[in-house]
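No gaps in the numbering here: position 46 of the sequence shown is 56 in the numbering used here, and each next residue is one more. Glycine residues also receive a C-beta, built at the ideal position from the N, C-alpha and C atoms. Presented below is the structure to which this report refers.
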Amino acid sequence: MAVDGSLFHCVIDQTFNRDNIRFTIYPARTKTSFVLISFSWAISWYANFCTPGTCAKIVKHTLQNGWDYKNEKRILTIENGDFLVEKLGLEA
11 MAVDGSLFHC
21 VIDQTFNRDN
31 IRFTIYPART
41 KTSFVLISFS
51 WAISWYANFC
61 TPGTCAKIVK
71 HTLQNGWDYK
81 NEKRILTIEN
91 GDFLVEKLGL
101 EA
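Put into C-alpha cells, the structure is as follows:
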C-alpha cells in the first residue's frame, strides 16, 4: 500500500488462539523496521482492520507520531492500540 509516496506492507494476525489481534506495518524499503500494535478482540466488533482505508489511517498515524521507517531497526510498539479506533475514526 502507498502512503505519502512510500510503500508499506500491513499484516493483520487474527489467529484465534492469540490473546489479541496483532497489526504489523513493514516499510517496503527496509527489512528490520516495523510497527507492532496489539488490539483487543473486543474492539474488532467496532473496527475492521483488514480494509485499505483503516490500514492507511494507522500508517499515517505512526508516521505523524515519529516512526522513522526510512532507517534500519526502527521499531515502534503499541501494547494496547484500542484507543486508536476512536482517535482515528476507524469503523467496522
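Provide the residue span of the alpha helix (DSSP H) that contains residue 68, from first to last.
62-74
Would you call residue 64 buried or exposed, if buried means 16 or more other Cβ atoms sit within 10 Å of its Cβ?
Classification of residue 64: buried, given that the 10 Å Cβ count is 16 or more.
Can you grab the Cα-Cα spacing for the pair residue 30 / residue 51, in whole Å?
6 Å
I'd like to know if residue 21 contacts chain C, where contact means its C-beta is closer than 9 Å to some C-beta of that chain.
Of the protein chains in this structure there is only one, and it is not chain C.
Which same chain residues, not among the five before or five after residue 36, have their C-beta less than 6 Å away from its C-beta?
19 and 44
Is it buried or exposed for residue 53, if we count other Cβ within 10 angstroms and need 16 for buried?
buried
Pick out whichever of 100, 79, 58 and 34 has its Cα sitting closest to the Cα of residue 88.
34
Host beta strand (DSSP E) of residue 100 (start-end)
Residue 100 -> no beta strand (DSSP E), and no H or E assigned at all.
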